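Going down the list, the sequences are from chains A and S. Quick note: to get our numbering, add 339 to the position in the first sequence (first position is 1). Quick note: to get our numbering, add 339 to the position in the second sequence (first position is 1). Take a look at the structure set out below.
There are 2 protein chains.
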Amino acid sequence: MNRIEILREYMKKCGVSACVIPTSDPHLSEYVPEHYKLRQWVSGFTGSAGTLVVTEEEGGLWTDGRYYIQAEKELNGSGIKLYKASEPDCIKIHEYLKEKLKSGDSVGVDGRLFSKKELDAIIEKLRKCDVNINTEFTPDVIWEDRPPMPLGKAFVLSEEYCGETVSKKVENIRTLMKKEGFTHYLATLPESVMWLLNIRGNDIKCTPVMLSYLLMSQNEIFLYAPKEKINDSVNKYLEDNNVTICDYKNIITDLGKINENAFLAADFSLCNYNLINVLKCAFKDKKDFIYNIKCIRTQKEIDNIKRAYIKENIALTKSFYEIYHSENIDECEVCDIIEKNRRMQDGYISPSFDTIAAYGANAAMMHYCSEKESCAKIGKNGLLLIDTGGQYYEGTTDTTRTLVLGEITEEQKENLTLVLKGNIALLMAVFPDGTLGRDIDALARMPLWEKGLDYRCSTGHGVGYLLGVHEGPQRLSIKSQEKLCEMMTITDEPGVYVENEYGIRIENHLCVKKYMKTEYGSFLCFEVLNYCPIGTEGIIASLLDERQRQWLNNYNENCKKLLKPFLTKEEYEWLKTYIMKI
Amino acid sequence: MNRIEILREYMKKCGVSACVIPTSDPHLSEYVPEHYKLRQWVSGFTGSAGTLVVTEEEGGLWTDGRYYIQAEKELNGSGIKLYKASEPDCIKIHEYLKEKLKSGDSVGVDGRLFSKKELDAIIEKLRKCDVNINTEFTPDVIWEDRPPMPLGKAFVLSEEYCGETVSKKVENIRTLMKKEGFTHYLATLPESVMWLLNIRGNDIKCTPVMLSYLLMSQNEIFLYAPKEKINDSVNKYLEDNNVTICDYKNIITDLGKINENAFLAADFSLCNYNLINVLKCAFKDKKDFIYNIKCIRTQKEIDNIKRAYIKENIALTKSFYEIYHSENIDECEVCDIIEKNRRMQDGYISPSFDTIAAYGANAAMMHYCSEKESCAKIGKNGLLLIDTGGQYYEGTTDTTRTLVLGEITEEQKENLTLVLKGNIALLMAVFPDGTLGRDIDALARMPLWEKGLDYRCSTGHGVGYLLGVHEGPQRLSIKSQEKLCEMMTITDEPGVYVENEYGIRIENHLCVKKYMKTEYGSFLCFEVLNYCPIGTEGIIASLLDERQRQWLNNYNENCKKLLKPFLTKEEYEWLKTYIMKI
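Pasting the structure below:
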């Protein structure tokens, strides 16, 4: 009996005609721990985003444009149909359920894996056509050999790596709570908890967080986390900061016991359905206080991030040298080379996501992940896309470079240059304070649009500080209604993806900075945080504007200057030929 | 007794403590006929947009960024305070009223001069603080020597000027009505009525419309218009098209008599409050059918508009020649020169708005209108901004050029070039189908933002077809949520306005065209409709990108080619020096 059949049997037992299994954990983490990868276990699709819907007869997987090619491959033969959720005419899951179910049917979902907001909306939509929702449906019980809950140890960030003290952060949050009359505040995103307490964990691969909840009032701070993750020194540190450690499992019952005079702030888009439904006190949906503060970097954090990037770029440049001087290696070995060079850097902790080293047609899959058994050999010619990042005590990095190997086609050269052109056009932008991510997104795409090309994803995302490599609310996308504020950081990563042929992406990491203030208001601009050489082989200089050409030459000059002290003579000589003045 | 005092006396008589007088007529026209310019009569402010609020003690005028400088001047000494409505912290009128009035007070408004939607919102907001609204307040009765209702004659557009036949247009609308079950449709915007019936009128200066309403069902079309405006041939034409002419004054009573089984579509943002409130049948707020169709040009209309622009640009080029070769003329004489040259063109009807000829500091007022007594002499040096347009049988034109006279400062040269750079960057844009006006607005502003400059208005607006020079829904503005669709036309007019010093604007008229269709979707681009020479004196070539420089040279070459047959030898020789290759 295959896994879908096992699931159907369980559905039958629970009396549900359909079920929805998202990619999620009770903290609604972006990257979920193995323990919670039920959707992957059932469907076989390994991408980091997607929702599986199973009915008595059919199975469907909804995922976004980054994963179409990969999902198509991985779902092949499973009987599960791919739904391309980024396409405007793709059927919505609730509409699909309406079509497939009859009045009186039940849909099973696990309330812990959906935000209050999302599940309320689904319930409302299905109620209209008389379909019930069973939110106590917990299909994870069918999972044999399920990986255990992660048990990574927490650690304290030493002062030099903290943008701000815990007491100052707590004070700021309490002021915000008071302003709106909240007596309590619930933070459920591990990133928020880590940020507030200046600690980190080790529960999620590539993201140094401890799965935990935080409940605070004007006098007390309760951290809900498994005691075994907290050693004596962390325990002492938390005590010194007036944090009471509570049993992770008690969050639901404790929330239910908050007294009726309390008024609790919780973000319905971030808190899972069950946490909110247990509340007996007054509460209000409130954009998470921490979420909207932690995206603004302090100058100390920015200085640290630049230090992290020096290390990262030493590792990457050495890796590029090695890749260009190796023969017959495969994509996984490229990842290994990068990891080896990173490990030689002080303060390196782990990758910030699985390195994408994608040669040739593999790079057309935006979030391709090479595996030893199936990965491609790096050929003598063509393009090698490397998207990689590290967690350093000084911050989180994320860089993409597309390496030109031997001969590439004229089309590839042109598209490589247009991607670079879009990347530079965006990072040179100046814009008034108040500009949304969507307002300047077109700058990065215009050179591609002129050739009838585009990429089916955002242009850029926020990056956490020794936290998740994707962090909101800032985003560069036609859908982003969020302002770009001073001291936010964001990536700039346009690309071209030609199915079955090749992929190109160039990604830099930017910080929003003051530009000038005039009678017309305050203007902002970007500062580039990372100096990672951009190879000039394959770049058609005449397609760049004069200022873009100058920018590229200056940027590469800076790379040389910054990296020289850390490279061998051979590496440096090679680097000089890799980034020629154009 | 001054006019505000007369108004206050009338307010007292009506028992209202405050009144709101908008710039409006019962059709909510953008340019209101003299008969309805009560706000101007009371306040002295002559701008085309603004709302006057008068209380027992105070007077305030709300207007937008285009008019700050002008309003400041014209309101000086009137006791009426200027409220800068485009500023984010400007108090809203309803908030102002809440502050000034006490519970139980009444505000007087003329229901005919507000859209149903707008007045409903105001009533709702004021009701919350117990302030009543008297919608039967008609302060126009205090206006002595009020200009009469306009009585311009209607005329039929001959076939060569019509984008589509009346019967085809009517058929399309009826199909749309049927789709949503509407039995009746009310059009109150004169532009919509004119467009549908392929007739024009002469009631509003610069806008060839007849003030009229149209009510249609699946079988009948009723045109509400004063009979004296319709001569025998128009009458015959309308009869042939199955249009029944009704007395203009009967619209309210006739709407009240529509039978109860009917279901009427009316746009609450376009129909005045009284028209909707009289209805006894079922009705629904519905985005005006015609409004959303008439913005899409047919190819025949585009071809006609290009013909209109050839004529317009002959007139403008001859005018520029004359201006450069005149001595000691003033701004009004500049307007006269343009009008004289236009009158020599076949098919010219009238200006499409009052020409702005603004020399030096006057050009800093975006919508400056020179008057003979006060207008400036054109000096030997400096900038002369000319924004002008004409109504031709082939369509409506709108062009701005900023003429460099003698010496200008380095700052002026730089800003002139940056405005041109923004203008070109926008018109060279390529963008996917579905792009909103807001998504590419930044392109036109970026060169200015880089210098900390900006302009406090939209980048561009739609233009009617032998109708209003401003036409929606399309708009280039950070506020525009409207798509740029194929065959819409729109202006491109960035600018720099330095108070008390000078103003620069360059405006072209663009049509949205197909660019290409690829696997990434349909892409659109702009085609320039007008070829009016852009003087190269004062342009700093090095500030333009290579492609922008080439565009300018090509554009000016085209101007030369198109205009040569119509210019005298002297004019053409001058033109060659005016637009040098850069």
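Think of the CB as a built atom: it goes at the ideal place given N, C-alpha and C, for glycine as much as any other residue. Computed from a predicted structure; not experimentally measured.
| Item | Value |
| --- | --- |
| Cysteine 585 of chain S (DSSP reduced to helix, strand or coil) | strand |
| Below-8 Å beta-carbon distance, valine 381 of chain S vs any chain A residue | no |
| Interface residues of the region 773-784 of chain A facing chain S [CB-CB below 8 Å] | Thr774, Arg777, Asp778, Ile779, Asp780, Ala781, Leu782 |
| Those runs of the alpha helix (DSSP H) which lie wholly inside the region 503-547 of chain A and span at least 4 residues | 505-518, 529-536 |
| Residues that DSSP places opposite asparagine 923 of chain S in a beta bridge | Since the first residue of chain S shown is 340 and the last is 921, residue 923 of chain S is not available in this structure. |
| Asparagine 341 of chain S versus cysteine 714 of chain S - alpha carbon distance | 27 Å |
| C-beta atoms of alanine 647 of chain S and glutamate 530 of chain S nearer than 8 Å | no |
| Spatial distance of glycine 404 of chain S from isoleucine 419 of chain S (CA atoms) | 17 Å |
| Contact set for aspartate 469 of chain A: own chain, Cβ-Cβ below 7 Å, skip 5 residues either direction | Ser442, Gly443 |
| For aspartate 403 of chain S, three-class secondary structure by DSSP | coil |
| 6 Å CB neighbourhood of leucine 792 of chain A in its chain, flanking five on each side removed | Val835 |
| Simplified DSSP assignment, three categories, for serine 363 of chain S | coil |
| Beta-carbon proximity check, glycine 293 of chain S vs alanine 410 of chain S, cutoff 8 Å | Absent from the model: residue 293 of chain S. The displayed extent of chain S is 340 to 921, so no value can be given. |
| Where the alpha helix (DSSP H) through alanine 605 of chain S begins and ends | Per DSSP, alanine 605 of chain S belongs to no alpha helix (DSSP H); it is in the beta strand (DSSP E), 602-605. |
| Straight-line Cα distance separating threonine 738 of chain A from cysteine 871 of chain A | 8 Å |
| 8 Å Cβ cutoff met for proline 372 of chain A and cysteine 545 of chain A | no |
| Separation of isoleucine 430 of chain S from threonine 394 of chain S, as counted between CA atoms | 16 Å |
| Rounded straight-line distance, which links the Cα of leucine 618 of chain S to that of asparagine 600 of chain S | 12 Å |
| Interface residues of the region 743-776 of chain A facing chain S [CB-CB below 8 Å] | Ala768, Val769, Phe770, Pro771, Thr774 |
| Interface flag, tryptophan 788 of chain A vs chain S, CB-CB below 8 Å | yes |
| Residues in the region 797-809 of chain A having any Cβ partner in chain S nearer than 7 Å | none |
| Closest residue to lysine 719 of chain A among A/Ile725, A/Gly699, A/Leu744 (Cα-Cα distance) | A/Leu744 |
| Meets three-Cβ-pair contact criterion under 8 Å: the region 877-885 of chain A and the region 758-769 of chain A | yes |
| Rounded separation between lysine 518 of chain S and methionine 855 of chain S - CA only | 32 Å |
| Span of the beta strand (DSSP E), counted from its first residue to its last, around histidine 433 of chain S | Careful: histidine 433 of chain S lies outside any beta strand (DSSP E), inside the alpha helix (DSSP H) at 432-439. |
| Below-8 Å beta-carbon distance, leucine 792 of chain S vs any chain A residue | yes |
| Own chain, CB closer than 7 Å to alanine 424 of chain S, minus 5 neighbours either side, in chain order | Trp401, Thr402, Asp403 |
| Check: leucine 882 of chain A C-beta below 7 Å from any heavy atom of the ligand MG | Because no ligand of any kind appears in the structure shown, any question about the ligand MG cannot be addressed here. |
| Stretch pair the region 556-564 of chain A + the region 641-657 of chain A: three plus CB contacts closer than 8 Å | no |
| Where the alpha helix (DSSP H) through aspartate 642 of chain A begins and ends | 638-663 |
| 7 Å CB neighbourhood of threonine 592 of chain A in its chain, flanking five on each side removed | none |
| Residue-chain proximity (aspartate 831 of chain A, chain S), Cβ-Cβ < 8 Å | no |
| CB contact below 8 Å: tyrosine 375 of chain S versus chain A | no |
| Cβ-based neighbour list, isoleucine 644 of chain A, same chain, cut-off 6 Å, excluding 5 preceding and 5 following | Gly734, Leu868 |
| CB-CB length for alanine 323 of chain S against methionine 516 of chain S, believed under 8 Å | The structure shown does not extend to residue 323 of chain S, since chain S is modelled only from 340 to 921, so the question has no answer here. |
| Chain S contact for tyrosine 500 of chain A (CB, 8 Å cutoff) | no |
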